[in-house]
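Working notes, structure below.
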Ligand SMILES: NC(=O)c1ccc[n+]([C@@H]2O[C@H](COP(=O)([O-])OP(=O)(O)OC[C@H]3O[C@@H](n4cnc5c(N)ncnc54)[C@H](OP(=O)(O)O)[C@@H]3O)[C@@H](O)[C@H]2O)c1
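In the numbering used here, the protein residues as written are 2 to 306.
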């Protein structure tokens, strides 16, 4: 079985993560030997139209400045603005335009081309998109899905196309889209995002002025009861474990996602160099099999909650 992939997320770049910090994150991620980057046309989704495509511009600039030629970029397409509205364009012509655009910008570093949100309930329109993606696949790019309202239509049509889709799905201790994609279960194809539910922490004092939860409008108070239960679970685990004690919600989030069924990769969204190094170090421990017992305890907590 292939090792679990680690992707560097870019959703907060040009929002809470300024260009210089994003450059540093890329420097450190690359130096640590990782190559997979998750991007989207509409990042950052900060509802400021002047920032449409600003996150990917930082990535392209870093690639150019450093003369990088071996990244593996997963590019999500379809949205036509960064205003957090459901408008999207998945017509065959638009998909081809976007593919050409990213092929020109990234050349062989465009590794995967992913549909980003599809609310359509029209099987013929979805078929037309898949026909376009079929042509794109033939040019050597992997094809993936994210934010699909009717996965059952994709599953049905895929009997004709035979795509081996990767699927990005929201997956954390509070919420998971895994069951919605039941037609695609049974194989490691799932890439987990939102592992920290948008940046939750155990304690109020751990948030900072530019916290991800604040700018995204995530209410930490609403989840405090559950966070306390997770922390209690962690305390019990630490007492029984011979490994150095864990202390942060992010560690529980990564354990939970890493050991979940059908996981192919984790998408991390660090907002500082310290968080990046911490997440990489922790991920490498998980690759050695650390903290599986914590996963079992968290799963039980989640099922009871
Ligand atoms: N397909 C989709 O629809 C979709 C949707 C969302 C995201 N994504 C992708 O997935 C990536 C990650 O998503 P996300 O930002 O929602 O993930 P997340 O893990 O739920 O939230 C990221 C936040 O968690 C905190 N954090 C991260 N690493 C930490 C660490 N080591 N220690 C302590 N706190 C840490 C930071 O909050 P603070 O900054 O407040 O410290 C960070 O901004 C995105 O960048 C994007 O590429 C895809």
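Every residue gets a Cβ at the ideal spot worked out from N, C-alpha and C, and that includes glycine.
Secondary structure of residue 264 (DSSP, three-state): strand. When distances are taken from the beta-carbon of residue 196 to the heavy atoms of ligand 1, the shortest one is below 6 Å.
The residue from 160, 98, 107, 33 with its alpha-carbon nearest to that of residue 68 is 107. The three-state reading of DSSP puts residue 247 in coil, since its state is none of H, G, I, E or B. Around the Cβ of residue 86, a 10 Å sphere holds fewer than 16 other Cβ atoms; the residue is exposed. The three-state secondary structure of residue 139, taken from DSSP, is coil.
Between ligand 1 and residue 55, a heavy atom-to-CB distance of less than 6 Å is absent.
About 7 Å separates the CB atoms of residue 168 and residue 145; that is less than 8 Å, so the two are in contact. For residue 26, the enclosing alpha helix (DSSP H) begins and ends at 20-32. Collapsing the DSSP output to three states places residue 46 in coil. A contact is defined here as three or more CB-CB pairs under 8 Å, and the region 216-227 fails this definition with respect to the region 266-284.
The beta carbon of residue 234 lies closer than 7 Å to those of 298, 299, 302 in the same chain, with the five residues before and after it left out.
At the C-beta level, residue 79 and residue 39 stay beyond 7 Å of one another. Looking from the CA of residue 241, the closest CA among 294, 210, 191 belongs to 294.
Looking at 251, 279, 83, 27, the one whose alpha-carbon comes closest to that of residue 208 is 251. In this structure, residue 244 lies near residue 291, with their beta-carbon atoms less than 7 Å apart.
In the structure shown, the three-state DSSP call for residue 176 is coil. Counting every other CB atom within 10 Å of its CB across the protein chains shown gives residue 83 a total of 16 or more, marking it as buried.
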